[in-house]
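Notes to accompany the following structure.
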Amino acid sequence: MNSSVPISLSPPARKVEGHFLVNGEPHALFFAEHKTLLEVLREDMNLTGTKHGCELGECGTCAVLIDGEPQLSCLVLAQACQQRPIQTVEGMADGPVLHPLQEAFVEVGAAQCGYCTPGILLTAQALLAEKPDPSRQDIKDALAGNLCRCTGYIKIYEAIELAAARMRGESAEPTRESLYGY
Amino acid sequence: MATRSGAAGKRGGGEAQKLSVIGTARPKVDAHAKCTGQTLFADDLVLPRMLWAKLLRSPHPHARILRIDTAKARALPGVHAVITGKDLPITFGILPVSQDEEALCSGIVRFIGDPVAGIAAVDEDTATAAMDLIDVEYEPLRAIRSVEDAAENPEPQIHGYADSGNFHKLVHLEFGDLDAGFGKADLVREDLCFYEGNTHLPMEQHAAVAHASPDGKLTLWSSTQTPHYVHRALSKVLGMAPSRIRVIATPNGGGFGGKSDPFNHEMVVAKLSLVTGRPVKICLTREEVFYCHRGRHQALMKIRTGFTKDGAITAMDFESYLDGGAYGSYGVASTYYTGALQTVTYDVPVYRFRGARAFTNKPPCGPKRGHGTPQPRFAVEIQLDKAAEQLGIDPAEIRLRHLVQANTITANYLKIGSMGLGPCIEKVVEGSKWKDRFRKLPYGRGLGLACSSYITGAGLPIYWNDMPHSGVQLKCDRGGGVTVFCGSTDIGQGSDSVLAYIVAEVLGIEPVDIRVVTADTDLTPVDLGSYSSRVTLMTGQAAIQAAERVRGTITGPVAAKLDVPVDRIVFGAGRVFDANDPEKGMSFAEAVVTAESKVGTIGSVGSYTPPRSPGRYRGAGVGPSAAYSYSACVAEVEVDPETGIVRVPTIWIGHDIGQCINPALVMGQVEGSVYMGLGEALMEEMAYRENRNVVHKWPSLLEYKSPTTHEMCDVITYLIEEPDANGPFGGKEAGQGPLLPVMPAVANAIYDAVGVRIDEVPMSPPKVLKAMQAKAAGKEPRFGPKSVPRVPWPEVVYVPTPAEGGDGKAKAR
Amino acid sequence: MLRLPVFSAAFPETIEGALDLKAKHGASASYVAGGTDLYPNMKRRQQTPRFVIDLRGIPELGAIAVTPEGQLRIGAGVTLTRLIRHPVVQERWPVLAQAAASISTPILQNMGTVGGNLLLDTRCNYYDQNYEWRKAISFCMKKDGEICWVAPSSPRCWAVQSSDLAPVMVALGAMVGLRGADGERIIPASALYHDDGIQFHTKAADEILTWVEVPPLTNARAHYAKLRRRGSFDFPVLGVAAWARFAAGGMVEDARIVLGAVGSYPKLSEEAASAVRGGLLSEDRIDAAARAAGRPAKPLDNTDFTIGWRKDMVPVFVRRALASLA
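Protein sequence lines, in the order shown, are assigned to chains A, B and C. My numbering puts the first residue of the first sequence at 58, with every later residue one more than the last. My numbering puts the first residue of the second sequence at 490, with every later residue one more than the last. My numbering puts the first residue of the third sequence at 4, with every later residue one more than the last.
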């Protein structure tokens, strides 16, 4: 048996107390100190909206916003983000009212299987907070760290552009070509 | 207006269908849940007292298990159970002819990643620690590393049931007189090409939760595309009556064919739950997903085709050599698929197909989007490009001249219904300005054209039976709500929504007033699963039948109440009314109450079985379909001549959809198919290190390359709608067809750009550069295979073609 | 799910505090900043510290400013995003923004730090794999095994230098500051690296990389060319950092061409530099430099792409990097 035994075994995980601010709500928890933010969100706070595709930082699926900035929750120690405002997909809507990005994604069909959607929605939200009128290239650059296997990204770009226009106060509709082809 | 199912429109003018829901872009029924993080995928499920499972997997590509000692693992605090192969001795597999998988290997392990033990513990960390405490002694056996290796080494046999040595399956089919066919040719080309294996790479890793309840029943939630097949496999492996087992397919975070087999981890968590009496969850790591695989077979192909100088095909002789990996999976079907659809795009009057699938000690291959047809389609389309150049015919023109006609039967007995490839070609030719730009762009830029076709649902079920392929039940509530029950699985393609749209159309109500309940073997009638692009057509037709029956049940009592003849009753805009006097009517809810008062509880059942194909020879079951979709693609590429790096800025794609159920969903499927085709064309590879214990080269999302936003091209989509008589409202498939033409279009475009033929997929920069260097050195400007292995082909199954007066049966020659 | 092994973490607020913790825990403790290199490695059991010292709470490490002498001093804890967006960096040291923007993805750039990238673990197809995979090939020389699988008869490890900032800092002639129990050390960036896949840097285990200082680009231009499969996520299979200082009239007074991802350390190609030094940056001289840089390049099978192609690409990318300085 090789000496580099994975050391999950000894000693058992120590639990620590932590205070989190997630989607504007405080959470006081007692959790295993070596857990990532991804795990604590999903397993200790029951916020399963944040998904995971690799747990190694290679896909962007687990993106959340910390202090408004997209970060990969699979590589962030839960301990390290206490009291820092964290936003997950569950925090995008304002009560029952969806965020314009969510509405736009629904409208044009930008979520197929929906698994990459939470990470992409939050990354897009951060983009629009910084660039309310992003070019298509700006959107591609901002999403370069989010993989999607279903959509080919196109409806995602279109949904973000639609939401951005509406957030700028313009009345915007999806183009006919986007929904019906050329 | 009352609507009709099936053929509801005519080609080129004539009465179009008057539809209020079908054909309109609208959100999916599950869109809001997906966009708010509320959709529960398998790993999101938590049950009280749930345990976590891990699988210990083989580190050897081929070995005998001499001894397995789990005592130390079982003794670890927090471990509740450890099971091994002896706890699950009954084998399983998706195909009846290859039930060759064990949930946990008991004797032989056949690839790195083959599971040998299952652990259930209080948390995943403890289960992981326990993995290292299981002591397994292996005796390594010689590993079979490739098709060539299998050809040269019939021993050691990976499976005893193979057709010959380590060739799992050998197929030899001949339709018509091959020599006579080639005799008519003005040009005969023989070309070889190679298509590397690749995998589905869904963003969601496989996960399952099993719950054995104290009453002796078992529930399994699993990210699976085929709950019915998992249901059957679980019953067999656990030795439990299927009536006591419930399989619920959770929404899949992507499937693409990678979640269509019953899997080891599903069997193991079920058994662990039975043994511990507690719910047990497993979620695979990304590396384990690579080991599940069931992806595209690596295929080496040889295609010999005779052409007249007009570009008509006189005969085609096709060979495919597949690396199948360590187990059968869908592989027998995959092998036949590599020989089935060559004939459905351009006339092929005489055809021979030989296919060989080898077992090798690697993760098993199975169905990935297109299932066995992208590889041969690549071969056909790049050869046609070469032949067109030799004959001096434009690539679009050569195809347009010789398209298979609608409503005909191919040489291999595939019945073609509607055939819209012509308009697809015309659209992409026009959109890409083909005529002004093909062979005219500056060096380094090029255009390429290719076409393809795909089935809309496999004509036969996975196991032989006389039952429907899809069933739908409807329930109507007195409040006007309708519930649709169907066994289909939504893998992101929108199948739940399609049911809602279709029932809404027939009953004249809004989709939002419909609840869709799917993919639950206790609650929903059987649907065979989300594979072979069958779901819209088959569940759609079943839903139409069920909805029309309910409409019929409601019509009578309403007509009586309104005192209107039955044939004037119309369902629309949420009401049921007199066609001649629309004011005279009632709401749908009132209509349900009226009917329920008269005849009792309102409900119905609908089902669908695809038409039987005319082929009667062995192997005729693979290829037939109720309808074929068609796609045409033009790719524009930029090749950097110094590096061989290929960029694809734009793809034009025309897709013959028959009738869009929801155009927005069709657009999504077309764009997503193009994305996946682009990934295969440029960068996706399931590669192994043959000289390093046959490990997978890169089982990670970082190293297995999938296009990011930086690589994805613009897509200009043209949807051609010529309704098919067999489709629901005329609709055909969209989820797989548009992937197929992308790879050959890119290869043909590379040739237009820099004059080299890359007869391989993926067309990676080192290959392109090598071909360009060869060209510069005056050698053949090509990168591709040069030979095929020797295979012990079996006796030919000879089938006279329909044109020869054949009856679909094989004959002695 | 793939999870971290059990460990404890501390979040010191001063460098002294961090050094004390390291002294206390010794070899079983690792420093961490963004975590984008260490945590994946821990999940794969390539590194398994019992104690992690998170440096991001130390304000001194997050400072970025121009010194009175006109040098750009970047705290090792500055995130890549901050570096990319810093107006002074964009204006006066654009090559740094350009190189940093090519690293990983925008989201990972929010997390990863300059120091973390400079000390990025060397990489290899046989090493950057999960624990069970590495077990199936009996591990490798860099971790738990004896054989280097890309060069099985070699006595040394050939894991490849995969940082994008490292070749740039060497080309720019940057200096780095290290603080340990014995005080501060300042060394040229080139001296930070060592030609070995395992001992790939010269920083002592207890030392913290605290800052990197970049000279002004007075009369100089620099460019970083990165070759990889995709436009994001991927590590370099080749990186070329080119720097040249010009006299009036355009003559190259001095040049440095540094190759990343071709060996275990950022390789300064003196042959390429001499080919352009002392003359105008003409096409011919650039060509000569490109060929000179390519000759000794011997990539091994430790990254994406084939080794033959990677070698062919060296002169192409050296040429392109130099051409963009002209």
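We treat Cβ as the ideally placed atom computed from N, Cα and C, and that holds for glycine. The structure displayed is predicted, hence computed values, not measured ones.
By Cβ distance below 6 Å, which residues in the same chain neighbour residue i in space, the five residues on each side in sequence not counted?
i: T573 (chain B); result: I557, L593 and A606
i: L1154 (chain B); result: G983
Taking the alpha helix (DSSP H) that residue i belongs to, which residues open and close that run?
i: S941 (chain B); result: From DSSP, S941 (chain B) is part of no alpha helix (DSSP H) but of the beta strand (DSSP E) over R934 to I944.
i: W923 (chain B); result: W923 to R926
i: T1042 (chain B); result: V1024 to L1051
i: K138 (chain C); result: Y134 to A139
i: M224 (chain A); result: I211 to M224
i: H569 (chain B); result: Where H569 (chain B) is concerned, there is no enclosing alpha helix (DSSP H), although the beta strand (DSSP E) it sits in stretches over V568 to T573.
i: G672 (chain B); result: L667 to G672
Starting from the Cα of residue i, find the closest Cα among the options and give me that residue.
i: Y819 (chain B); options: B:G746, B:S1120, B:E1211 and B:Q831; result: B:G746
i: L122 (chain A); options: C:D57, C:M114 and C:R233; result: C:M114
i: T528 (chain B); options: A:Q169, A:H156, A:G117 and A:R225; result: A:Q169
i: E1211 (chain B); options: B:F842, B:G1143 and B:G602; result: B:G1143
i: L195 (chain C); options: C:W246, C:P170 and C:P219; result: C:P170
i: I1209 (chain B); options: B:G911, B:L707 and B:H551; result: B:G911
i: D638 (chain B); options: B:V1277, B:P1291, B:V1286 and B:G1294; result: B:V1277
i: T713 (chain B); options: B:A900, B:V764, B:S1019 and B:K523; result: B:S1019
Return the first residue and the last residue of the beta strand (DSSP E) that residue i is part of.
i: Q787 (chain B); result: Q787 to F796
i: F87 (chain A); result: E82 to A89
i: F320 (chain C); result: F320 (chain C) -> not in any beta strand (DSSP E); alpha helix (DSSP H) instead, spanning I310 to A326.
i: H700 (chain B); result: A696 to A701
i: A847 (chain B); result: Y840 to A847
By how many angstroms is the C-alpha of residue j removed from the C-alpha of residue i?
i: L219 (chain A); j: G649 (chain B); result: 59 Å
i: T834 (chain B); j: G1147 (chain B); result: 16 Å
i: T180 (chain A); j: L545 (chain B); result: 36 Å
i: V321 (chain C); j: R248 (chain C); result: 17 Å
i: G596 (chain B); j: I554 (chain B); result: 5 Å
i: L1171 (chain B); j: P1251 (chain B); result: 5 Å
i: E149 (chain C); j: C160 (chain C); result: 10 Å
i: L111 (chain C); j: V1128 (chain B); result: 30 Å
i: G1029 (chain B); j: F1218 (chain B); result: 9 Å
i: R634 (chain B); j: C854 (chain B); result: 14 Å
i: C781 (chain B); j: Y1193 (chain B); result: 15 Å
i: F1077 (chain B); j: V1015 (chain B); result: 28 Å
i: V133 (chain A); j: L95 (chain A); result: 8 Å
i: R926 (chain B); j: A1124 (chain B); result: 12 Å
i: D1067 (chain B); j: V1047 (chain B); result: 10 Å
i: R231 (chain C); j: W953 (chain B); result: 49 Å
Tell me the DSSP bridge mates of residue i?
i: G582 (chain B); result: Per DSSP, none; premise fails for G582 (chain B).
i: K543 (chain B); result: B:I608
i: K904 (chain B); result: B:I898
i: N687 (chain B); result: B:R785
i: M756 (chain B); result: Bridge partners of M756 (chain B): none, in fact.
i: E590 (chain B); result: B:F581
i: S823 (chain B); result: BP columns for S823 (chain B) are empty, so no partner.
i: F14 (chain C); result: F14 (chain C) pairs with nothing; no bridge assigned.
Within the same chain, show all residues whose beta-carbon is closer than 7 Å to that of residue i, passing over the 5 residues directly before and after it, in chain order.
i: Q646 (chain B); result: G654 and N655
i: G75 (chain A); result: L86, F88, A135, Q136 and Q139
Keeping to the same chain, check which residues put their C-beta closer than 8 Å to that of residue i; ignore five residues upstream and five downstream.
i: S33 (chain C); result: L41, Q50, P52, F54, V55 and I56
i: D589 (chain B); result: T580, G582, H648, Y650, Y816 and G817
i: E1249 (chain B); result: C682, F683, Y684, E685, K1256, F1272, G1273 and P1274
i: T70 (chain C); result: R76 and E216
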